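Q: Residue numbers (UniProt numbering): 1 to 392.
1) Can you list, in chain order, the residues of its chain whose CB lies under 6 Å from that of residue 372, leaving out five sequence neighbours each side?
2) Inspect the CB distances between the segment 324 to 337 and the segment 280 to 298 and report whether three or more fall short of 8 Å.
3) In the DSSP assignment, what are the bridge partners of residue 359?
4) Would you check if the segment 231 to 248 and the segment 338 to 350 touch, i.e. whether three or more CB-CB distances between them fall below 8 Å?
5) Measure the alpha-carbon distance for residue 131 versus residue 308 and round it to whole angstroms.
6) Quick test of your reading: residue 117 and residue 313, contact by CB under 8 Å. State the CB separation rounded to the nearest angstrom.
7) What residues match up with residue 180 in a beta bridge as DSSP calls it?
8) Closest by CA to residue 341, which one among 368, 355 and 316?
9) First and last residue of the alpha helix (DSSP H) that includes residue 42?
10) Would you check if the distance between the CB atom of residue 53 and the CB atom of residue 12 is smaller than 8 Å?
11) One question on the structure: do residue 194 and residue 113 come within less than 8 Å of each other, judged by their Cβ atoms?
12) What is the rounded straight-line gap between the Cα of residue 110 and the Cα of residue 5?
13) Kindly list the residues whose CB is nearer than 6 Å to the CB of residue 125, restricted to its own chain and excluding five residues on each side of it in sequence; keep chain order.
14) Would you identify the three-state DSSP class for residue 9, choosing helix, strand or coil?
15) Hey, is the segment 268 to 279 in contact with the segment 374 to 388, meaning 3+ C-beta pairs nearer than 8 Å?
16) Take residue 16 and list the residues in its own chain whose beta-carbon comes closer than 8 Å to its own, dropping the five residues that flank it on each side.
17) Specify the secondary structure class of residue 193 as computed by DSSP and reduced to three states.
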């Protein structure tokens with residue numbers, strides 16, 4: 001945490017948040033990238049979180065336009081500016097040549113060619129080298145075309161770094177649209193460099209706050225009265241199973257609306273209100289299919305052939321090699337199960353607050369709380385009521 005973040009929290013009378021921000025290493029760059037999801041994890045208590053969101057919103061609204069909009073030249077020089085943008089959009093980048101100019105870059109190229117992957121630290125180093133080259137050629141405010149061309153060159157020359165969706169280079173650079181700022185590894189590094197170069201000036205940020213990205217719930221197919229009636233029936237009936245499944249399908253949107261309207265409700269209260277979610281197989285998956293029909297099958301279909309393999313490769317590059325003994329000899333399903341459990345080791349742990357103290361769970365605690373394997377036919381409602389472990 002840097003002085004800027006500390007000063008803002010003290011200025012906003014939110015000094016109690018200092019330990020949490022320091023534990024998560026929130027610096028000036030990260031401060032402006034905080035969204036609703038990250039704030040929910042960072043500031044568990046609703047009151048301080050709402051105060052922080054209000055102050056952050058005001059700060060963003062008072063900020064000046066984005067750097068790309070702010071670099072417009074006077075009207076007499078417009079042809080020259082158009083020529084510069086045209087040159088940048090037509091730029092090409094030899095990624096191997098750029099990386100091979102540095103010792104770190106050479107090792108990255110070798111690792112990519114031999115293993116088709118890089119570690120998180122290597123990716124960060126790669127971004128620093130490429131952004132430095134970009135600034136050297138086009139200055140600290142290159143056009144979107146130049147950034148998109150650099151991102152495209154990365155995945156074209158190293159296909160293992162390509163996204164499986166979208167343009168293929170969205171993780172490296174996604175241009176801003178509809179009042180939302182540009183994102184991606186390259187853009188975030190550029191933004192950080194500009195802040196350091198102009199540390200004495202007001203940081204340039206979008207003039208409008210990003211729009212609320214919460215998923216819009218589908219329209220319910222039954223009346224609220226009917227949904228409440230079926231919910232009460234489901235509380236007191238677990239049979240016949242086909243009828244339970246049908247009523248759960250009809251009340252899926254009602255459940256989503258109830259959970260969203262009671263955002264601070266505990267898991268135990270949710271299970272008490274909708275007990276069939278946990279003691280009837282397939283109900284959570286069915287609810288997700290109703291709320292996100294276009295995405296319901298993607299994770300299941302792609303987990304073993306795509307995601308689990310990448311997670312295991314990443315784990316081999318990080319500090320988890322001791323967990324992967326003889327993994328190559330296991331079946332695809334077993335490897336998929338191991339990959340899921342590796343997420344607790346690879347992903348950063350989230351701090352939580354008890355009283356005035358901030359705690360960060362250890363990797364072992366995370367692994368124990370992530371998945372608790374129980375026998376088939378376990379009464380989940382009873383298990384959750386007896387359990388003393390908080391599951392994420």
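Glycine is no exception: its CB is placed at the ideal position from the N, C-alpha and C atoms.
This one's a predicted model, so the numbers in the text were calculated from it and none came from an experiment.
A: Taking the geometry as given:
1) Reading the chain shown from its first residue, position 372 is the one you call residue 372. Cβ within range, chain order: n/a, list empty.
2) Counting C-beta pairs with one atom in each stretch, the segment 324 to 337 and the segment 280 to 298 have fewer than three that are closer than 8 Å, which means they do not touch.
3) Residue mapping note: residue 359 aligns to position 359 of the chain shown, counting from 1. Looking at the DSSP output, residue 359 shares a beta bridge with 352.
4) No contact exists between the segment 338 to 350 and the segment 231 to 248.
5) If you number the chain shown from 1, residue 131 lands on position 131. If you number the chain shown from 1, residue 308 lands on position 308. Their Cα atoms are separated by approximately 30 Å.
6) Within the chain shown, numbered from 1, the residue matching residue 117 stands at position 117. Within the chain shown, numbered from 1, the residue matching residue 313 stands at position 313. Contact flag correct, Cβ pair sits at about 5 Å.
7) Along the chain shown, read from residue 1 onward, the residue named residue 180 stands at position 180. Answer is 177, bridged to residue 180.
8) Walking along the chain shown from the start, residue 341 turns up at place 341. Of the listed residues, the one whose Cα sits closest to residue 341 is 368.
9) Within the chain shown, residue 42 is the residue found at index 42, counting from 1. Its alpha helix (DSSP H) spans residues 36 to 42.
10) As a first step, residue 53 is located in the chain shown; it is residue number 53 there, counting from the start. As a first step, residue 12 is located in the chain shown; it is residue number 12 there, counting from the start. No. Outside cutoff.
11) If you number the chain shown from 1, residue 194 lands on position 194. If you number the chain shown from 1, residue 113 lands on position 113. No, the pair does not count as a contact, with Cβ atoms beyond the cut-off.
12) Within the chain shown, residue 110 is the residue found at index 110, counting from 1. Within the chain shown, residue 5 is the residue found at index 5, counting from 1. Distance between the alpha carbons of residue 110 and residue 5 is about 39 Å.
13) In the chain shown, counting from the first residue as 1, residue 125 sits at position 125. 104.
14) Within the chain shown, numbered from 1, the residue matching residue 9 stands at position 9. Three-state result, residue 9: helix.
15) With a cut-off of 8 Å on Cβ pairs, the segment 268 to 279 is in contact with the segment 374 to 388, counting three or more such pairs.
16) Stepping through the chain shown from its first residue, residue 16 is reached at position 16. Correct list, in chain order: 48 and 356.
17) Sequence index remark: in the chain shown, residue 193 carries index 193 (1-based). Helix, per DSSP.
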